[in-house]
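For the sequence shown, the numbering used here begins at 8 and goes up steadily by one.
Even for Gly, the Cβ is constructed at its ideal location relative to N, Cα and C.
This one's a predicted model, so the numbers in the text were calculated from it and none came from an experiment.
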Amino acid sequence: MVLKWAKLAKEAIAVSLKPVTEHYPYKITKEAPPGFRGKIQYNLEKCIGCGMCWLNCPAKAIEPVPTEKTRTKKKPKFYLYRCIYCGFCAEVCPTKAITLTQDYHTATLRKEDLVIE
Ligand code: SF4
Ligand code: SF4
């Protein structure tokens with residue numbers, strides 16, 4: 008009986024407090040903290056096609072695809088739906104062509120939205 012009253016009191020307090028959840032994605036107020044590893048940004052102009060990113064990706068989220076713009080005629084294609092945001096690709100890239108941004112808004116209904124070339 009005491010437990011029941013305690014539970015009721017706890018629920019009454021919870022109802023009277025301000026909500027702690029937000030209506031995502033309609034009301035977004037939170038910035039990602041410094042050092043957060045979010046959506047990948049890739050700069051083809053800086054890429055030399057060395058392959059360090061796809062050779063070191065533990066999630067196999069990067070595939071080499073043909074291009075005329077790099078020395079080796081290859082460039083990475085990122086599949087963010089496989090990515091675990093470890094940041095290894097950015098760390099090993101010798102030309103800093105890859106950046107993990109603060110953007111954490113990756114929810115989508117289309118898988119193609121999560122492919123970066
Ligand atoms: S952040 Fe990690 S998992 Fe994602 S693409 Fe880069 S190396 Fe692969
Ligand atoms: S590691 Fe950097 S330079 Fe090398 S292929 Fe990947 S993006 Fe291009």
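- GLY42 counts as exposed, since fewer than 16 other C-beta atoms from the protein chains shown sit within 10 angstroms of its C-beta.
- Residue range 69 to 73 is occupied by the beta strand (DSSP E) that includes VAL72.
- Looking at the DSSP output, LYS84 sits in a beta bridge with GLU70.
- One alpha carbon belongs to THR79, the other to GLU52, and they sit about 14 Å apart.
- Distances taken from the Cβ of GLY45 to the heavy atoms of ligand 1 include none shorter than 8 Å.
- Note on the region 17 to 70: whole alpha helix (DSSP H) runs with a minimum of 4 residues are 59 to 63, in chain order.
- Annotation for ALA104: ASN50, LYS53, CYS54 place their beta carbon closer than 6 Å to its own, counting only its chain and skipping 5 residues before and after.
- By the 16-neighbour rule on beta-carbons within 10 angstroms, ALA68 is buried.
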